[in-house]
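Q: Residue numbers (the working numbering), protein chains in the order written: chain A, 1 to 340; chain B, 1 to 340. All C-beta atoms in this analysis are idealised placements derived from N, C-alpha and C, irrespective of residue type, glycine included.
Protein chains: 2
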Amino acid sequence: MLSDRKEKILAAVVEQYIKSGEPVGSKSLLESLPMKLSSATVRNEMAELSSMGYLSQPHTSAGRIPSHSGYRYYIDNLMGTRELDEQSRKKIESAIGSNTDPDKLLSTAGEVLAELTNCATLSTTPAGETTLIKRIEMVPVGTRTAMLVLLTSTGILKSRICRSEFELTVPLLESFYNITSSQLVGKPLCDVNIATMQTLAASVGADAFAMLPFLASIADLAKDASQADILLEGQTNLLNYRELEENAYELMEFLRKGEPLGSLISSSKSDVNVLIGEENKFRQLQNSSLILAKYSVGGHESGTIGVIGPTRLDYAKLIPSVRYLTDLVGRLLTKAIDEE
Amino acid sequence: MLSDRKEKILAAVVEQYIKSGEPVGSKSLLESLPMKLSSATVRNEMAELSSMGYLSQPHTSAGRIPSHSGYRYYIDNLMGTRELDEQSRKKIESAIGSNTDPDKLLSTAGEVLAELTNCATLSTTPAGETTLIKRIEMVPVGTRTAMLVLLTSTGILKSRICRSEFELTVPLLESFYNITSSQLVGKPLCDVNIATMQTLAASVGADAFAMLPFLASIADLAKDASQADILLEGQTNLLNYRELEENAYELMEFLRKGEPLGSLISSSKSDVNVLIGEENKFRQLQNSSLILAKYSVGGHESGTIGVIGPTRLDYAKLIPSVRYLTDLVGRLLTKAIDEE
DNA sequence: GTTAGCACTCTAAAGCCTTGAGTGCTAACT
DNA sequence: AGTTAGCACTCAAGGCTTTAGAGTGCTAAC
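So, in structure tokens, the structure goes:
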């Protein structure tokens, strides 16, 4: 699309701007160009790149900064795919260890990525509407109180204490065991809801009233387990970027609330996904860039890991980082499931 | 200590400054004073309050702002103890509900307090070195994998999945049950550590190797359950205070790291505790004020709830809020324990 | 003891100037 | 035709000065 020389110049502008954060002038660009040119020639080329929409100027007499399409062209055509450097890889691996608890694993993943990138990160725990219930346990801990435990086929463990109005009798426990093991274990999480629980409770006859709160709790746990948590880390890192300072509060509140993030996450495609500045549909994110990637557990896309920072991100380093991390997380979680 | 008139003037300065955030001049103060005076007289009094150390001036020709001792005097002698207004009380109660899961309860408490005060809040889950183990369960979920569950007398529930090198046999499960129910249940959490577990494991003879990882996990869970988590909420609120802007990053990182907060929390006395600006021993907090209070579960001080904000806090409102919330949390958690 | 009056202080905001990096254009050069 | 030197022009950023106004401390009268 662009001439070879224009591409080289665009790449140099992007890379220099990412490093310095200052608009890049024609003169200072000469040093980082592979060929010998005068500043005048570079100026001409830059003027053309500007009119093509790849570069922009904060004001007439300033240097150029990459526009949103400039970054886009750079990422899609010029950047190449660097391998992640040894050091970062080591750091990630040693932080993650061989953790197999999904919640913990994803939060550590977020932490290490935040530290590595100096950005905010998000990570979601493996979702699974289609995940199966592996086990349900009810352990009495008082005359009217029991501990309920739910374990899924993806290794997610949820538990809760539940109180009842009625005394826990042995027959009650037995019929709870019968119902759950015959009707619930092995079923997908999404099949379990308050309505099905009511019909199940009704089926035990006289004990229905005593049974219902426990079954309802199970439905709660199932809902909990099927919903992906969105974990945020390193939000404070965002305070270090001058270009975000103005909207720091707004941005961080947007992230904290998290709801709209859900839709964002689910809409992303399967490989690494980059959204630059205005490409984001949410106003609060339009000064920022997102790098999102999905990880797969057992062949199914299950969750997302991502980085949030200013548009001036070191994409050439961060994209491999995110890709590497999602691969690793996917592999570990898949292994954890296979092992049992 | 101070003349009646000086007290009235000091109180007015503090209150007006808390509202406006601007240094308070003698003239604008007249309106909020209960008695009729000229600005000159007020000026004389303010000059004296300054030389006594209760007020200070950003520069010679500016109004006065309360010094750290000014706030202190106000809080200790002038503020009075307002009741918490109906509206806030309602808000707190409806947010908290009748939640009985300690972790959840404390995090909601932090959230609602943050919303109410527009500050950052911290809350700790009930600690308990002396808490007793109420129940231990081991549920096999695979040939070599089991789910371990630990429940404490204070209602804290911790669970984890544990893998072993060896197959899970019925005798192994039985001897695990025997050991835990005879040696661990009923004991305080602090008695359970890796060393005691090793001796326990050794006592089962041939199965020691298979047993150890599970017992070690129990020790882990016990440690987890005995340590109070420090929960932070509403950190982004701090970005709205101009006087904190400069150190926002430093302050938020300090809070995030959290370690030093531990010592701070444990050193506080039993009623509501206020630390104003320089009274804090940590540099990062010296532009901020803390309001901390402990809640008691079953007669023992178990955890802390607190507010972190600029020195210019509405103490007269926040102190009752924190007191009310700690009382409520203490009551709910105590009730939860008594009920079973 | 209180107050009116006044000279004084000092910041914040506004305006002005200077500097310098960077531009676009033109005309000469290869 | 493509490249380059040269030059006039632009504009933000920083420094300096001015102005306005809020607030003070002090003195002398009440």
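E137 (chain A): buried (16+ other C-beta within 10 angstroms of its C-beta) or exposed?
A: When all chains shown are included, E137 (chain A) counts as buried.
Q: Contact between the region 134-151 of chain B and the region 163-177 of chain B: three or more CB pairs below 8 Å?
A: Contact between the region 134-151 of chain B and the region 163-177 of chain B is present, because at least three Cβ pairs lie under 8 Å.
Q: A201 (chain B) by DSSP, collapsed to three states: which one?
A: Helix, per DSSP.
Q: Could you pull the DSSP bridge partners for T304 (chain B) from this structure?
A: Beta-bridge pairing links T304 (chain B) to B:K294.
Q: Excluding the 5 residues flanking S88 (chain B) on each side, which residues of the same chain have their C-beta closer than 7 Å to its C-beta?
A: Closer than 7 Å at Cβ, skipping near neighbours: L116, S321.
Q: State the CB to CB distance for the pair Q284 (chain A) and E259 (chain A), rounded to an integer number of angstroms; the pair is presumed to be in contact (CB under 8 Å).
A: That belief does not hold up - the Cβ atoms of Q284 (chain A) and E259 (chain A) are roughly 12 Å apart, past 8 Å.
Q: Between S296 (chain A) and P310 (chain A), how many whole angstroms is the CB-CB distance? I'm expecting something under 8 Å.
A: Between P310 (chain A) and S296 (chain A) the Cβ distance is about 29 Å, and since that is not below 8 Å, they are no contact.
Q: Closest Cβ-Cβ distance between V141 (chain B) and chain A: below 9 Å?
A: Yes, V141 (chain B) counts as interfacial toward chain A.
Q: Out of A:G234, A:S263, A:M211, A:G142, which one is the CA nearest neighbour of M252 (chain A)?
A: With distances taken between Cα atoms, M252 (chain A) lies closest to A:G234.
Q: Would you list, in chain order, the members of the region 146-179 of chain B that have their beta-carbon closer than 8 Å to a beta-carbon of chain A?
A: The residues in question are M147, V149, L151, G155, L157, S159, R160, I161, R163.
Q: Secondary structure at K158 (chain A), three-state DSSP: helix, strand or coil?
A: Of the three classes helix, strand and coil, the one that applies to K158 (chain A) here is strand, per DSSP.
Q: Name, in chain order, the residues that DSSP records as bridge partners for G309 (chain A).
A: Paired residue(s): A:S289.
Q: Residues in its own chain within less than 7 Å of V13 (chain B) by CB, not counting five upstream and five downstream?
A: V24, L29, L55, R64, P66.
Q: At 7 Å on the CB atoms, spell out the chain A contacts of T236 (chain B), in chain order.
A: The contacting residues are Y249, M252, E253, R256.
Q: Return no unless some Cβ of chain A is closer than 9 Å to the Cβ of D224 (chain B).
A: Not an interface residue.
Q: Using a Cβ cut-off of 9 Å (strictly closer), state whether L29 (chain A) contacts chain B.
A: Not an interface residue.
Q: Write down every uninterrupted run of the alpha helix (DSSP H) in the region 134-179 of chain B whose length is 4 residues or greater and which is fully enclosed by it, in chain order.
A: Entirely contained in the region 134-179 of chain B, the alpha helix (DSSP H) runs reaching 4 residues are, in chain order, 170-179.
Q: Of all the CB atoms in chain B, is at least one closer than 9 Å to the CB of T100 (chain A)?
A: Output row for T100 (chain A): interface = yes.
Q: Does the pairing of the region 235-244 of chain A with the region 119-126 of chain A give three or more beta-carbon distances under 8 Å?
A: Verdict: yes, contact present.
Q: For A195 (chain A), name the three-state secondary structure that DSSP assigns.
A: In this structure, A195 (chain A) counts as helix in the three-state DSSP scheme.
Q: Just mark F209 (chain B) as buried or exposed, buried being the case when its beta carbon has 16 or more other beta carbons within 10 Å.
A: F209 (chain B) should be labelled exposed.
Q: Using a Cβ cut-off of 8 Å, pull out every chain A residue sitting near H135 (chain B), in sequence order please.
A: Before going on, a small fix: residue 135 (chain B) reads as Arg here, not His. Within chain A, the residues near R135 (chain B) are V139, V141, M147.
Q: Is the CB-CB distance between A192 (chain B) and I218 (chain B) below 9 Å?
A: The sequence given here has Val at residue 192 (chain B), not Ala. Contact flag set, yes.
Q: Under a three-way DSSP split, which group does E233 (chain B) fall into?
A: Correct three-state label for E233 (chain B): strand.
Q: Assuming contact is defined by CB atoms lying nearer than 9 Å, are L168 (chain B) and Q183 (chain B) in contact in what I supplied?
A: Contact: no.
Q: Note down the Cα distance separating Q286 (chain B) from E243 (chain B), rounded to an integer number of angstroms.
A: Rounded to the nearest angstrom, the two C-alpha atoms are 12 Å apart.
Q: Since N240 (chain A) meets chain B, which of its residues come closer than 9 Å, beta carbon to beta carbon?
A: Here the neighbours are Y249.
Q: Tell me whether K335 (chain A) is buried or exposed, calling it buried when 16 or more other Cβ atoms sit within 10 Å of its Cβ.
A: By the 10 Å Cβ count, K335 (chain A) comes out exposed.
Q: Here's the rule: buried if 16 or more other CB atoms are within 10 angstroms of the residue's CB, otherwise exposed. What is E165 (chain A)?
A: By the neighbour-count rule (16 or more Cβ atoms within 10 Å), E165 (chain A) is not buried but exposed.
Q: Can you tell me whether C413 (chain A) is buried or exposed, with buried defined as 16 or more other CB within 10 angstroms of its CB?
A: Because chain A is modelled from 1 through 340, residue 413 (chain A) falls outside the range shown and cannot be assessed.
Q: Which of the three DSSP states, helix, strand or coil, is assigned to A120 (chain A)?
A: If DSSP states are grouped into helix, strand and coil, A120 (chain A) belongs with the strands.
Q: Am I right that S270 (chain A) and E301 (chain A) are in contact with their C-beta atoms under 8 Å? What's the rounded C-beta distance?
A: The Cβ separation is near 6 Å, so the contact holds.
Q: Which word fits K36 (chain B), buried or exposed, when buried means at least 16 other C-beta atoms lie within 10 angstroms of its C-beta?
A: With fewer than 16 other Cβ atoms within 10 Å, it is exposed.
Q: Whose C-alpha, out of A:K281, A:L325, A:I265, A:K27, is nearest the C-alpha of T124 (chain A)?
A: Cα-wise, what sits closest to T124 (chain A) is A:I265.
Q: Please classify A202 (chain B) as buried or exposed, where buried requires at least 16 other C-beta atoms within 10 Å of its C-beta.
A: Looking at its Cβ environment, which holds fewer than 16 other Cβ atoms inside 10 Å, A202 (chain B) is exposed.
Q: Please list, in chain order, all residues of the same chain as Y241 (chain A) whose beta carbon is under 6 Å from its beta carbon, the five residues on each side excluded.
A: Once the five neighbours on either side are set aside, the close Cβ partners of Y241 (chain A) are P310.
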